[in-house]
Amino acid sequence: MGWLKDGLEGNAGINRFGKNPAQYQFISWGNKRDEKGMGKLWIKNIRDNLKYWDTHQEGVLCKLGDIPSHEDDACIFVGASPILKKSVSHLKGINPRFKIIATNSSIKYLVDHGVIPDYCILLDGNAGKWTPEMAGLGKRCKDVVGLFAVGAHPESVRNWKGRFIVIPYHYGNKKLNAEISLKYGDTCPASGGSALTCAIALFAQFTKATIFLLAGNELSFKKHYYVQGEAVSDDRPCYFATDVFGKQVKTLSPLFEYKIWLENFIQCLAGSHYFCNCSEGILGVESDGTFMPWLDQKALHLAIKDIADAWAIEEMPSKEKAKFIYSELYKYDDYVPTLGANIWRSQFDAKNSCILRKDEIKTILDFGCGTGDGVMVLREKGLEAYGVDIAENKELWDRKGVGEFCRSYDGTTLPYADDSFDMVGCFETFEHIIPEDCENLLKELLRVGKNFFTFTIALNLENAPFQGILYTHCNVQSPEWWVELIERVGFNVLAKQKILYNHEGTEDKYTLFIYATKRETDLRVWYDPISKLHPTEVAYV
């Protein structure tokens with residue numbers, strides 16, 4: 001839990017504090033102020049709570065290490081700022097894979113508005129006006145798991161009627177820390193920041209969650225701190241900060257501290273976690289109004305929808321998933337897989353037009369036609385070309401003038417009669433199809449083709465031009481694996497060669513080219529040694 005350590009010292013070299021001495025000094029001042037003002041109260045709270053828990057064990061569930069895993073879920077951390085009024089309705093009836101974590105007083109507002117969170121984290125050492133109301137939540141919170149800091153106010157602890165887990169936070173007293181560790185496990189060496197900072201740290205460490213949405217945490221100060229509208233008397237310094245709309249808004253020193261702490265923790269975890277601020281306010285906004293790149297900014301209902309949609313895709317059967325993803329993929333202007341179109345062009349350019357005799361190649365099927373570029377190229381050369389793809393791209397095909405020649409299919413049976421095409425090509429497609437489906441696909445291609453077949457298959461994808469765009473290649477095999485499968489299905493492999501495809505700014509990518517026929521033939525194939533992209537000569541001997 002090294003990254004949970006006090007960020008002022010443990011992480012100073014790798015985070016924003018290390019690059020901004022003024023922030024470091026500001027947070028140091030705030031920590032010292034809080035310790036001076038709250039230190040004695042924290043120690044008193046801890047002693048009272050330990051004594052109470054010694055005689056009231058029925059509610060204590062377990063140690064932190066026993067919190068269920070939420071690796072496949074998304075966590076929504078809910079603060080109690082006024083912005084919660086705007087978004088609380090979006091927390092009702094959502095996918096149960098969204099885990100709602102209320103921080104401090106937001107539990108009361110959520111429950112009163114029909115939202116029962118999964119967890120409630122209670123850290124406040126002071127007794128707020130809402131603390132006595134905790135007892136009134138009663139049966140409505142029977143399924144909510146409380147996460148109680150050992151230094152939380154005893155009244156909050158006693159008024160909680162549900163289950164809870166003790167959070168053994170470090171409070172600076174070695175004797176107490178030893179006692180806490182003995183009873184509830186190793187102390188968590190986290191200090192500073194808000195309840196939200198602590199909640200993020202806990203869930204990242206103990207539940208393996210990686211998707212975090214932050215709601216009700218605008219951190220700017222208008223008339224009230226809290227969504228309940230409680231008036232707050234605060235004589236601490238005021239600051240002006242830039243919000244997500246580019247406006248200058250007032251905030252107070254503790255809220256500004258929370259902003260800095262949160263941004264620091266989020267940046268430290270950003271490489272392996274997704275964070276989205278759904279609170280508006282000042283979180284994740286630089287002083288010049290630019291957004292911090294490691295913290296997304298989105299309305300809560302939109303963030304929930306996007307994540308739920310992604311889950312729905314993951315839960316689709318493999319063929320339906322591929323169909324949906326590729327339909328979306330081809331909409332992007334920066335996804336233009338021209339390799340297939342270039343290969344088709346090379347087969348029938350002026351230099352090679354006499355090699356594959358036109359009287360033998362009249363009808364062509366481009367399987368996995370994608371955007372329709374290959375069909376467009378072939379038709380421009382006067383060939384009767386058709387395309388088929390698992391994705392439905394009618395609008396895109398129409399725009400390229402090949403809509404009537406391209407169609408989608410169900411991923412199982414090609415919508416063509418036997419021996420429909422003189423030639424069938426499939427370029428950079430097999431690697432997108434799970435191994436167990438490849439044999440049936442090859443049988444279908446063999447069925448609808450008369451004799452000539454050209455395949456290209458990507459062998460390695462690391463840092464290749466289209467690697468990582470929405471969908472990764474799920475079937476990367478050796479050349480021997482592919483050749484054995486193709487021959488086993490019934491193809492007569494005439495030639496095969498591994499070609500190096502080098503794209504500027506990427507590592508080398510290898511593609512396997514295969515020429516095959518449906519029956520024995522005296523056709524021979526060889527390759528132009530100059531070209532590294534595609535075979536250029538096919539001839540009868």
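Numbered by full-length UniProt numbering, the letters in the sequence shown go through residues 1 to 541 in order.
Note that beta-carbon positions come from the ideal geometry of N, C-alpha and C, so glycine has one too.
Everything numeric in this text was worked out from a predicted model, so none of it was measured.
task = Could you pull out every residue in the same chain whose Cβ sits closer than 7 Å to the Cβ of I304, ignoring the five residues on either side in sequence?
result = Here residue 304 is taken as the residue at index 304 of the sequence shown, counted from 1. Only H90, I94, F98 meet the Cβ criterion.
ask   = Which term fits E444, buried or exposed, when burial requires 16 or more other beta carbons within 10 angstroms of its beta carbon?
value = Translated into the one-based positions of the sequence shown, residue 444 becomes position 444. E444 is buried by the Cβ-count criterion.
request  = Tell whether a beta-carbon distance below 8 Å holds between V448 and D418.
outcome  = The sequence position of residue 448 within the sequence shown is 448, counting from 1. The sequence position of residue 418 within the sequence shown is 418, counting from 1. Yes.
Environment of Y515 [buried if 16+ CB atoms lie within 10 Å] = Start at 1 with the first residue of the sequence shown, and residue 515 comes out as number 515. The residue in question, Y515, is buried, as its Cβ has 16 or more Cβ neighbours within 10 Å.
inquiry  = I'd like the ranges of any alpha helix (DSSP H) spanning at least 4 consecutive residues and lying wholly in the stretch 71–123.
reply    = Listed in chain order, the complete alpha helix (DSSP H) runs (minimum 4 residues) inside the stretch 71–123 are 84–87, 106–112.
query = So Q477 is in the alpha helix (DSSP H); what residue range does that whole segment cover?
reply = Indexing the sequence shown from 1 puts residue 477 at position 477. That residue, Q477, is in no alpha helix (DSSP H); it is neither H nor E in DSSP.
inquiry  = Let me make sure I understand the geometry here. Which of Y239, E257, L262 has the alpha-carbon closest to that of T251?
reply    = The residue given as residue 251 occupies position 251 in the sequence shown. The residue with the shortest Cα to Cα distance from T251 is Y239.
key: Nearest-angstrom Cα separation, counted from P96 out to E180   = As a working note, residue 180 is residue 180 in the sequence shown. As a working note, residue 96 is residue 96 in the sequence shown. Contrary to the premise, residue 180 reads as Ile rather than Glu in this sequence. Cα to Cα, the separation comes out at about 33 Å.
inquiry  = Check this for me: beta carbons of G284 and I83, under 8 Å apart or not?
reply    = Stepping through the sequence shown from its first residue, residue 284 is reached at position 284. Stepping through the sequence shown from its first residue, residue 83 is reached at position 83. In this structure, I83 does not lie closer than 8 Å to G284 by Cβ.
query = Is the beta carbon of I76 less than 8 Å from the beta carbon of I100?
reply = By one-based count along the sequence shown, residue 76 stands at place 76. By one-based count along the sequence shown, residue 100 stands at place 100. In terms of Cβ geometry, I76 and I100 form a close pair [threshold 8 Å].
Closest Cα partner of N49 within the set S279, R158, S105, I121 = Along the sequence shown, one-based indexing puts residue 49 at 49. The shortest Cα separation from N49 among S279, R158, S105, I121 belongs to R158.
query = Any idea if Y109 is buried or exposed, counting beta-carbon neighbours within 10 angstroms, 16 or more meaning buried?
reply = Taking the sequence shown and counting its residues from 1, the one referred to as residue 109 is at position 109. The residue is buried, with at least 16 neighbouring Cβ atoms inside 10 Å.
task = Tell me where the beta strand (DSSP E) around N388 begins and ends.
result = Counted from its first residue, the sequence shown places residue 388 at position 388. The sequence given here places Val at residue 388; Asn does not occur at that position. Unbroken beta strand (DSSP E) run through V388: 384–389.
query = Tell me which same chain residues have a C-beta within less than 7 Å of the C-beta of R357, skipping the five on either side of it?
reply = Stepping through the sequence shown from its first residue, residue 357 is reached at position 357. With a pLDDT of only 49 at R357, under the threshold of 50, the placement of this residue in the model should not be trusted, and no figure is reported.
ask   = Out of T454, R47, S105, G401, which has the shortest C-alpha to C-alpha gap to S346?
value = If you number the sequence shown from 1, residue 346 lands on position 346. Ranking the options by Cα distance to S346, first place goes to T454.
task = Assign M376 to one of three DSSP states: helix, strand, or coil.
result = Looking up residue 376 in the sequence shown gives position 376. Helix, per DSSP.
query = Going straight from the alpha carbon of Y258 to that of D389, what length do you get?
reply = Along the sequence shown, read from residue 1 onward, the residue named residue 258 stands at position 258. Along the sequence shown, read from residue 1 onward, the residue named residue 389 stands at position 389. If you take the alpha carbons of Y258 and D389, they lie about 51 Å apart.
ask   = Grouping DSSP H, G and I as helix and E and B as strand, with all else coil, what is A495?
value = Position 495 of the sequence shown holds residue 495. Per DSSP, reduced to three states, the secondary structure at A495 is strand.
key: Bridge partner(s) assigned by DSSP for I167   = The residue you call residue 167 lines up with position 167 of the sequence shown. According to DSSP, I167 bridges with A149.
task = Just confirm the distance between the C-beta atoms of I200 and F265, as a whole number of angstroms; I'd bet it's less than 8 Å.
result = As a first step, residue 200 must be located in the sequence shown, where it is residue number 200. As a first step, residue 265 must be located in the sequence shown, where it is residue number 265. Yes, I200 and F265 are in contact; Cβ-Cβ is about 6 Å, under 8 Å.
ask   = Quick check: the stretch 372–381 against the stretch 399–413, are there 3 or more CB pairs under 8 Å?
value = Segments in contact, yes.
ask   = For A308, which residues from the same chain have a beta carbon less than 6 Å from its beta carbon, with the 5 sequence-adjacent residues on both sides left out?
value = On the sequence shown, residue 308 is found 308 positions in, with the first residue counted as 1. Around A308: N95.
request  = Please name the residue, chosen from F256, A209, D243, A312, that lies closest to A270 on a Cα-to-Cα basis.
outcome  = Translated into the one-based positions of the sequence shown, residue 270 becomes position 270. When each option's Cα is compared against that of A270, the closest is A209.
ask   = Which class does K351 belong to by DSSP, given the choice of helix, strand or coil?
value = Within the sequence shown, numbered from 1, the residue matching residue 351 stands at position 351. Its pLDDT being 47, under 50, K351 is placed unreliably in this model, and the value from its coordinates should be taken loosely. DSSP places K351 in coil when its eight states are reduced to three.
message = Taking the alpha helix (DSSP H) that V424 belongs to, which residues open and close that run?
response = The residue you call residue 424 lines up with position 424 of the sequence shown. The continuous stretches of alpha helix (DSSP H) do not include V424, which lies in the beta strand (DSSP E) extending over residues 421–427.
request  = Could you tell me the boundaries of the alpha helix (DSSP H) in which T197 lies?
outcome  = Position 197 of the sequence shown, counting from 1, holds the residue named residue 197. It spans 195–206 - the alpha helix (DSSP H) in which T197 sits, taken as one unbroken run.
message = Give me the DSSP bridge partner(s) of T517.
response = Position 517 of the sequence shown, counted from the start, is the residue given in the question as residue 517. T517 is bridged to F452, N492.
ask   = From the DSSP output, which residues share a beta bridge with D296?
value = The residue labelled residue 296 in the question sits at position 296 within the sequence shown. Bridge pairing for D296: C276 [DSSP].
ask   = Using the beta-carbon count (16 or more within 10 Å), is G246 buried or exposed?
value = Residue mapping note: residue 246 aligns to position 246 of the sequence shown, counting from 1. Residue environment analysis places G246 among the exposed positions, since fewer than 16 neighbouring C-beta atoms fall within 10 angstroms of its C-beta.
query = Based on the DSSP output, what are the partners of K250 in its beta bridges?
reply = On the sequence shown, position 250 is the one that residue 250 refers to. Per DSSP, the beta bridge partners of K250 are F240.
message = Using the three-state DSSP reduction, which class does T413 fall into: helix, strand or coil?
response = Residue mapping note: residue 413 aligns to position 413 of the sequence shown, counting from 1. In the structure shown, T413 adopts coil according to DSSP, grouped into three states.
Alpha-carbon spacing of N11 relative to L122, whole angstroms = Indexing the sequence shown from 1 puts residue 11 at position 11. Indexing the sequence shown from 1 puts residue 122 at position 122. The predicted model places N11 with a pLDDT of 37, which falls under 50 and marks its position as unreliable, so this point remains unresolved.
ask   = Whose CA, out of G368, L262, G216, lies closest to the CA of A299?
value = Here residue 299 refers to the residue found at position 299 when the sequence shown is read from its first residue. If we check each option's Cα against that of A299, G216 comes out closest.
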